[in-house]
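Student:
Numbering (the working numbering), first residue to last: 38 to 332.
1) Would you list, in sequence order, the uninterrupted beta strand (DSSP E) runs of no fewer than 3 residues that lie entirely inside the region 147 to 215?
2) Thinking C-beta only, is residue 176 closer than 8 Å to residue 167?
3) What is the residue span of the alpha helix (DSSP H) that residue 305 lies within?
4) Give the secondary structure of residue 329 by DSSP, where H, G and I count as helix, E and B as strand, and everything else as coil.
5) Can at least three beta-carbon pairs, one atom from the region 237 to 250 and one from the region 149 to 160, be found at a separation below 8 Å?
6) Restricting to Cα atoms, I'd like to know which of 97, 100, 95, 104 is closest to residue 78.
7) Between 223, 184, 266, which has its C-alpha nearest residue 240's C-alpha?
8) Give, in chain order, every unbroken run of the alpha helix (DSSP H) that is at least 4 residues long and sits entirely within the region 252 to 305.
9) Counting Cβ pairs closer than 8 Å, one from the region 75 to 91 and one from the region 291 to 306, do we hit at least three?
10) Give a yes or no on whether the C-beta atoms belonging to residue 253 and residue 81 are separated by under 8 Å.
11) Which value, in whole angstroms, describes the spacing of the CA atoms of residue 63 and residue 227?
12) Could you give the distance in angstroms between the alpha-carbon of residue 152 and the alpha-carbon of residue 85?
13) Under a three-way DSSP split, which group does residue 84 fall into?
14) Using the Cβ count rule (16 or more neighbours within 10 Å means buried), how would you classify residue 266?
15) Classify residue 165: buried if its beta carbon has 16 or more other beta carbons within 10 angstroms, exposed otherwise.
16) Name the residue from 303, 316, 281, 142 whose alpha carbon lies nearest to the alpha carbon of residue 48.
17) Excluding the 5 residues flanking residue 74 on each side, which residues of the same chain have their C-beta closer than 6 Å to its C-beta?
18) If you measure between the beta carbons of residue 96 and residue 273, is that distance less than 8 Å?
19) Which ranges does the alpha helix (DSSP H) cover as unbroken runs of at least 4 residues, wholly within the region 58 to 127, from first to last along the chain?
20) Looking only at C-alpha atoms, which of 276, 46, 235 sits nearest to residue 102?
21) Might you give, ordered along the chain, the residues of its own chain that have their beta carbon closer than 8 Å to the beta carbon of residue 288, omitting 5 neighbours on each side?
22) From residue 331 to residue 279, what distance separates their C-alpha atoms?
23) For residue 259, which of 44, 305, 58 has the nearest alpha-carbon?
24) Cα separation between residue 329 and residue 70?
25) Between the C-alpha atoms of residue 221 and residue 313, what's the straight-line distance to the nearest angstrom?
If you want it as structure tokens, here you go:
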């Protein structure tokens, strides 16, 4: 029972970061009908920002707000420079643009920084443990779960109580009708990218405190997991993205713990096999989205 609870907390901690990334991907998909494969680069940008600050002796108290600001601005820059110019193009063109942007950013990091791993100090509390009812947990797992829960509550409030959130929700359901009601396309889409960047920045902070390193392709794996999480929940569903991310994290933790040691390295293979079975049974994901009109 103790091991089960610890695995559950570990899985929720890992899945929380997937959920934050998946929520940003779902948000962009809702307003543009685009799966943004360059979204994972916000983690890489955040990592190199942290590395650059660490080389100048600047600690996490400054790095955390810097990561959030840089992530938001970078996400908005992606929309303004790359996606706004092809907004009316076919879905294939939009998808190709996101892939091109991802590859371009990989090349920029390799050329301007290095293809090698760059490390920076982790916060001292990251791997401390606390004991609750005889069960020991990593502080970082608890922090990740609590922060994610607060962010998700804030996200629900934004999309239910603010004019921006209502506009985004309306645009996600029917962008043409939303525009007829006075919603400005550029403002809504730019705001959606900014909010997705904020979610990615928070997820990046939580991940980088554990990793303490930066490399050009580090955003690829979290991006893949986030896209899968969004698809599990039903691409375009906010609640589905959250549940999909948490479920993916818990599945990884359980397989990693209970698989025999000689095949524990195949954790991802078993997780993907489980996902494949889910898609056979329910190809639309856990939550069915009625429509998502592309601008």
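No residue lacks a Cβ here, since even glycine has one placed at the ideal position from N, Cα and C. Here the structure is a predicted model, which is why all the values come from computation and not from measurement.
Tutor: The answer reads as follows:
1) 166 to 169, 172 to 175
2) yes
3) 304 to 318
4) For residue 329, the predicted model reports a pLDDT of 44, less than 50, meaning its position is unreliable and no value from the coordinates is stated.
5) Contact between the region 237 to 250 and the region 149 to 160 is present, because at least three Cβ pairs lie under 8 Å.
6) Looking at the Cα atoms, 104 is the closest of the given residues.
7) 184
8) Taking 4 residues as the shortest admissible run, the region 252 to 305 contains the following complete alpha helix (DSSP H) segments, listed from N- to C-terminal end: 257 to 270, 275 to 295.
9) The region 75 to 91, when compared against the region 291 to 306, does not touch it at the 8 Å Cβ threshold.
10) yes
11) Between the alpha carbons of residue 63 and residue 227 lies a distance of about 15 Å.
12) 12 Å
13) DSSP, reduced to helix, strand and coil, places residue 84 within a helical segment of the structure shown.
14) Here residue 266 is buried: its Cβ has 16 or more other Cβ atoms, across all protein chains shown, within 10 Å.
15) exposed
16) The residue with the shortest Cα to Cα distance from residue 48 is 281.
17) 135, 136, 139
18) No, these two residues do not count as a Cβ contact at 8 Å.
19) The qualifying runs are 78 to 91, 97 to 115.
20) That would be 235, whose Cα lies nearest to the Cα of residue 102.
21) 48, 308, 311
22) Note that residue 331 scores a pLDDT of 43, beneath 50, so its modelled location is shaky; the value from the coordinates is reported in the next line. Cα to Cα, residue 331 sits roughly 23 Å from residue 279.
23) Each of 44, 305, 58 was checked against the Cα of residue 259, and the nearest Cα belongs to 58.
24) Confidence at residue 329 is low in this model, with a pLDDT of 44, below 50, so the placement of that residue is unreliable and no value is reported for it.
25) 39 Å
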